[in-house]
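Quick note: the sequence shown uses our numbering, first residue 780, plus one each step. One structure is given here, and the rest of the page talks about it.
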Amino acid sequence: DGSWWIGFSSALESEWYLYLTTCCITTPRAAFLTMGSLKRKEAPGGDIPSKKAKSSKDTRPAKSNKPSTSTRDGADSQKRASSGADAPKSVISSILKDEEPMFPRGGGSVLTPLEQKQIQLEAKADALREGEFDTEEKTKHKKEKRRKSKLGAFEDTKKKSSSDEDGTKIEALNYKRLAKGSVVLGQVSAISHHNLTIALPNNLSGNVSIAAISDVVTAKIQQAAEASDDDDDSADEGDDDDDIELNSLFEVGQYVRAYVLSTKEGEGSGKKNHIELSLRPEDANSGMSKNDVVANATVMAAVTSVQDHGYEMELGVDNKKLKGFLPKKDVGSEVDELRLQPGAVSLCLVKSVSGKIAQLCLDSEKLGKVDNIATEATTVNTFQPGTVVDVLVTSTTGRGLLGKILGHLPVTADLIHSGAGPDAVDLDAKYKIGSRVKARVICTFPNAKNPKLGISLLPHVVKLQAKKAGKGGQAKAPLNVLPIAARVDKCTVRKVEPEIGLYVDVGVAGLSGFVHISKVKDGKVEALYESSGPFKEGSVHRGRVIGYSTFDGMYLMTFEPTIIEQQFIRLEDVPAGEIVSCTIEKVVVGGQGVSGLVVKVAEGITGYVHETHFADVRLQHPEKKFREGMTVKARVLSVRPRKRQMRLTLKKTLVNSDTPIIKSFDEVEVGQQALGTISDISPHGARIEFYKGVRGWLPVSQMSEAFIQDPKEHFKVGQVVNVHILEVDPENQKLLVSCKDPSAFGLDKQAALKALSVGSIVSGKVIQKSDDDVHVELDGSNLKAILPLGQLTDKSANKSQSALKRIHMGQTLTDLLVLDKNERRRAITLSSKPSLVEAGKTGKLIRTYADAKVGAEVPGFISSIRPGAVLVRFGGNLVGVMFKTRLPIEDQEKEAFGLRKDQSITVRIRAIDLERTRLVVDPLTAELPSNEAKPKKEKESARPQAHGPFKKGETIRVRAIGLHDSKDHRFLAFSHRSYNSVLEFTAKASDIEADELKPLSLEYLQVGSTHVAFVNNASRNGLWTNISPVVRGRINAMDVSDDTSKMNDVINNFPIGTALKVRVIAVDAKRGVLDLSARSDSSAAVTWDSIKPNQVLAGCVVKVNERQIMMQVSELTKAREIAERAIKTINIREQTEKLNVWIAYLNLEVAYGTKTTVEEVFQRACQAS
C-alpha cells in the first residue's frame, strides 16, 4: 500500500496519470493491480510471467457490485484480439488489449473517450458516497497509519516470539497483578477488634474483615446484631468485643491462604492501596474440587465443633459436602488448643481422604516438611498456595527462576523469592537446568494468558516458619534486633536493580534490607547502576529501618538524610510523655473562639492540642499567642495509632516536670506521687487524667484536709493537681488518688504486709463502700484491703447485692480470707465466700503449683468465661482452665455455659501444665477417661484394671463387631455408618475364634447370671454400666458393693472405666430395663418377711418431709415387690393408707423408674381410686 507510487511517477504518461488519479480516490489498489497485471504480462525481454493476473473486476474493492463500466463490448474485444498475432494465447484479465504497448508513443490513448468519461463519472460517484473530495491528504494519512500499525504488530510479534523462546515470563506479584479471584499465601501480621492484617509476598498487605473469616463467625455477628437491636450503640460495641475476640482465634505469624475479594487504589498522595481478602474456606479453596483434595495437599479449614477426640472442620469443597476432621493428636504442641474454637480458620495438611471425610493435620513440623509432596494429584488444581511442589528447573535469569510441575504447568520464582535479590544467590550455580528443587506455592495469576503459579524458594517460607535473626537458641525476632525507626550506620549494597531499588546488607545475620528507588536519596533518582554511581554494588551508606516485610523476611530501609535525622517516622513510635518540638499547622476556630491547635511533630505526624491544654491558666485571647508556623514545645499525652490520633499539652507545669509519669495501670504503685489534669468534676469528686489514657478518681473526701462542700468552687477543669496513689486495681483498671499529704508507709506496715500470707483469715473495719466493692482496714496492722462485690457470698448475684446493702460504714467484718496480695502495689484482695473461707481454714486452698495435686478437688471461683473455656481462679492469682468439652452436654449450648463471673465452683484438677503456667481442671460432673481415674487412697486396695495385660505400643488381635457413635455412645450396625461413628472391636479370644459373632442382648440374659461390667457413668443414686456394646444396665447405690462405706461416695469410689463383677437381678427386654447388683450372692437380701424390729439396715434417703423420712433398704425390684404386696395386703376399707402407698409407689418410679413404668403405675392408681 503506497509503494506503487515509487518508480512509476516519472514514467507515467498523461493518460495513465489521468486514469490513476481518478481511480485512486476510492480504489487505488485496483488501479495498481491493473497496471501490474499488464506489466507482468509483457515485461521487458518478452518473458511470460508465471502467475496469471486477476480480473480487474474481482480485484477492485468497489462498494457496489455493479459490472465494470470499463469492459469493452464483445465485437471491439475480438477486433483488438485479431490485430495482434504475436500475443500469447491466455486468459484475458485486463481491460487493455494484449497486443497494444503499455505506453504508446506520442501520447496515444489505450482507452476510448467513452471509457475515460465513464471512469471519471464512477470515481466522482464513489467520492460523493464517501462524502469527501479532497482525499489526497486523508488517503496518505490512512496509509501512514496502516503502515505504522503493521510495523507495531510486527514488533509485538517479534517481542512475543522472543518471549516464547525463553518460556514463561517471570512476573513478580504486585498490586496491579492482583485481581479478584487471586489466591495468595500470607501471614497474620496484626490483629485488631474487627479485622486482620495479612502480610503478602513482595511487601504487599491486605485486610480481612471479621465478616470474611468463616460462616460460624458471621453467624455469631448476626446473632449479636439481632439480640442487640434494642440496645444503644455503645452497648453493641461492647457486646461485639465480648462475643468475638479475633486474638483468641488467630495468632501473629500464623500462615493462611487468602482469597482476593477486591482491590482499590489509594487516593491522593501518601494513600496506600487497599486489598480486601477473605479467609472463608469456600473462597480460599475455591480452585479445588473433591478430587483435588489428596494426601499432602493443603486446605483452609474452619472449626465447626469441638469433640472429645478432635475438631470437626469445614472445607468449603464440593458444595461443603466434603468435611474434615482434625484429631487432637495432630494439632501439635505449638498450637494453643484455646485458639481452636468454633469459627477459627487454619491452614491444614491433608493426611488422607476416605469417602466424604478428610483427615487433617495442624502440626507445624509436618505442615512445614518439604518432603510432603502431593504425589497423588491428578490435576494442577491441587497445587494451591501453601502446598509444597517438586519443581523441574527449566531456566534461570537475572530476574528469577522458571520451572514446571507435573511436566507442563509453569511456575516462577521472582527476584525476592528466588533469593537472588535479598540473599544474592547465584541462581545459575545453585539451580542447574534440569535439576529438581522443593518449593512452596505462594500465589496464582488468574489474569495471566497462560496458567502459571508463583513459588518461593526462601527457606522460611518453604518450611512455613517465621524468619529469625541468628540460629539455634540465639535466634531472635527480626524486630527485636532492629526495631522500626532504628538507624543503621553501615548498609552495604549487595545487589542493584536499576529500575527497582537496592538490596543491602544491614549487618544482621540471615536478614537483608531493601531500599526502594524512591528512598535512595532526597529528591528524584533517575537511574541506578551496578558498577558506577554513588549507589553501586559494594558501596556503604547510612540508613534507617522504616518497616519490615513479615512474609518476605526483609527490612524496608531508607537512605534519605531527612528521614534518617527525623526524630520519629511513625505515629506509633512517639511515646506518651515524650517532650517534642512541633510547628503549629492550623489554629482551629470554633463557635466560641479558638478550640484547639493542629501541630506538626514530624514529617507525616500531626497531633492535636485541646484548648484546656494551651497553658496552666485559661487564656482570654489564645489567637494572639498562637500563630500558624510558630514553633512550640509540647508533651505527648496519648497516642492512638489505630485511630491515627495524638493529643499533646502545652502546660508548662507538665512539660517542665521531672515527676515520674503514669502511663499504665500495671506500673502504678501505692503511694506514688504524680501530676494529673482534672478532666471532669462532679459533686462526689473529680476525674484525673494522666498519660496514655490512664484515668483515676479523686473522691471529694480526698481533695483536701478541710471539708469541701462543692468541689467546683475549689477546682477547675484543666487544672493540674499533684496527687498520690491510694489504691490501684489493674485488672479492672481502677485508680484511687488523693490530694492529701500522704502518710509514710512505715516499717511496721511493710513488715505487716510481708507477714500477711495468702489464705490467712483476718478481720477488719469498713472504711469505704461503693457499688462494686468494700474497702476494709485490717485489724492490728491498719493495712488497706478491698473486698469485691463478687466475693461476698457463694450464692447468686442478687444475694451478693443484698449482702452489700447490709454492710455499713464502721462495721467490723470477720472471717475474711486473704485471696491475693501484691507487695509492690501494696494491694490486698479479700474474700468472704464461705467455700473459700472454709478451704483457708482447713488448708485446702491452693495458692501455688506445689499445692496442686492431680485428682484433688479444690474450691475456686470463675474469673472469666470464654467461647471455648472457663477460667477458674484460686488463691494467689493461680488460674485453672476448664474446657467447654468437659462441661455437661446440656450446659455447652447454654449462654455462658450456664455460669457467671465470680460464681463459686469446686473442680477436680486434671493436669498441671507448667509450660503454659496453668492448671487444667474439670467440673465434678465430668466423666473421667479410664486412664485418668482418681489416685488411689493409701489404704485402698487396687481395683481390677481392664487394661492390665496390655501395654502401650503392643500389637493385639481384635475383631470388628460394629460401630460406636462418638456423640451419643450408641452401638450401631455396620450399615448405620455416620460421620461420628468409630469402629467397635473385641479382643476376647472366644469372640475372635467364633464362626458367627452375636453381641449379647437383653433377650439372652437370665436372672442370676453373672457378667463383667464396666462403669460408663456414675451418680449419687447409682452406676450405669455396660456388659456388652448394646446392653446397658443400672446398679442401685445400695447394690454397688458389699462394703456399705462405699455407698456414701459412689462417684469417686467407682470412676468411669471401673470393672465390676455383676449379677442380673431383673430384666425386662420389652422396656429395655436391666437391674444389676455388684453384691455377692452370700449377702442377705432384704425382704418384707426378713425385716424385724430393732434390725439395723443400710439404707438410702429417698424422700424427706415434715412428718417422715423415706429410706430405700434394697434394690428397686425389692421395693416394687414391697409396694405391690402392700397394695394387695391393705384392707379395701383403709382407702387413705392405700392412697399413701400408691403415692409412694409413684414417687419411687419417678425417682428410679422409666417413663413407661411411671405411666403404668399412674394408670393403675387412677383405676384403683
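Ideal Cβ positions, reconstructed from N, Cα and C, are used throughout, including at glycine. Only a predicted model underlies this, so the values are computations on that prediction, with no experimental measurement involved.
Mapping DSSP to helix, strand and coil, what is residue i?
i, result
"Ser-1826", "Going by the sequence as given, residue 1826 is Met instead of Ser. Met-1826: helix per DSSP, three-state reduction."
"Cys-1518", "coil"
"Cys-802", "For Cys-802, the predicted structure reports a pLDDT of 46, less than 50, and the residue's modelled location is therefore unreliable. A value from the coordinates is still provided. It is helical."
"Glu-1763", "strand"
"Ser-829", "Because the pLDDT at Ser-829 is just 42, under 50, the model does not fix this residue reliably, and the value given afterwards should be weighed accordingly. Reduced to three states, the DSSP call for Ser-829 is coil."
"Arg-1059", "coil"
"Ala-1773", "coil"
"Ala-1739", "strand"
"Glu-1617", "helix"
"Ile-1195", "coil"
"Ala-1582", "helix"
"Gly-1455", "strand"
"Tyr-1308", "coil"
Within 10 Å of its beta-carbon, does residue i have 16 or more other beta-carbons around it, so buried, or fewer, so exposed?
i, result
"Lys-1274", "buried"
"Arg-1842", "buried"
"Phe-1224", "buried"
"Gly-1787", "exposed"
"Leu-721", "Lying before the first or after the last residue shown, residue 721 is absent from the chain, which here runs from 780 to 1948."
"Ser-1228", "Looking at the sequence provided, one finds Lys at residue 1228 rather than Ser. Burial call: exposed."
"Lys-1491", "exposed"
"Asn-1075", "buried"
"Phe-1653", "buried"
"Ile-1668", "exposed"
"Gln-966", "buried"
"Asn-953", "exposed"
"Arg-1695", "exposed"
"Met-1409", "exposed"
"Phe-1469", "buried"
Alpha carbon to alpha carbon, how far is residue i from residue j?
i, j, result
"Arg-1423", "Met-1336", "23 Å"
"Ala-1265", "Glu-1351", "14 Å"
"Leu-1058", "Val-987", "7 Å"
"Arg-1626", "Glu-1782", "55 Å"
"Leu-1040", "Gln-1570", "50 Å"
"Ile-1221", "Glu-1061", "18 Å"
"Leu-1236", "Pro-1277", "23 Å"
"Lys-1612", "Tyr-1924", "41 Å"
"Asp-1550", "Ala-1582", "12 Å"
"Ala-1792", "Phe-1941", "33 Å"
"Val-1216", "Thr-1175", "13 Å"
"Met-1826", "Asn-1910", "37 Å"
"Lys-903", "Thr-891", "19 Å"
"Tyr-1090", "Leu-1117", "12 Å"
"Val-746", "Ile-1184", "Because the chain is modelled from 780 through 1948, residue 746 falls outside the range shown and cannot be assessed."
"Ser-1112", "Asp-1142", "7 Å"
"Asn-1026", "Ile-970", "6 Å"
"Leu-1514", "Thr-1438", "18 Å"
"Gln-1086", "Thr-1664", "7 Å"
Less than 8 Å between C-beta atoms, sequence neighbours within five positions excluded: which residues of the same chain meet that for residue i?
i, result
"Met-1588", "Val-1545, Ile-1546, Gln-1547 and Lys-1548"
"Val-1378", "Cys-1361, Thr-1362, Ile-1363, Glu-1364, Thr-1385, Gly-1386, Tyr-1387, Val-1388, Val-1411, Ala-1413 and Leu-1427"
Can you name, in chain order, every residue of its own chain whose Cβ lies under 6 Å from the Cβ of residue i, other than the five neighbours on each side?
i, result
"Ala-1199", "Leu-1206"
"Ser-1374", "Val-1367 and Glu-1390"
"Gln-1682", "Ile-1641"
"Leu-1784", "Val-1843 and Val-1846"
To which residues of the same chain is residue i closer than 7 Å at the C-beta, ignoring the five residues directly before and after it?
i, result
"Ser-1328", "Ala-978, Asn-982 and Leu-1335"
Checklist entry - What runs of the beta strand (DSSP E), each 3 residues or longer, lie entirely inside the segment 1139-1182? => result 1167-1176
Item to check | Entirely enclosed alpha helix (DSSP H) segments - the segment 1667-1705, minimum 4 residues | outcome: 1668-1671
Item to check | Inside the segment 1781-1850 only - alpha helix (DSSP H) runs reaching at least 4 residues | outcome: 1829-1832
Checklist entry - Going along the chain, which unbroken runs of the beta strand (DSSP E) with 3 or more residues stay wholly within the segment 1553-1577? => result 1563-1567
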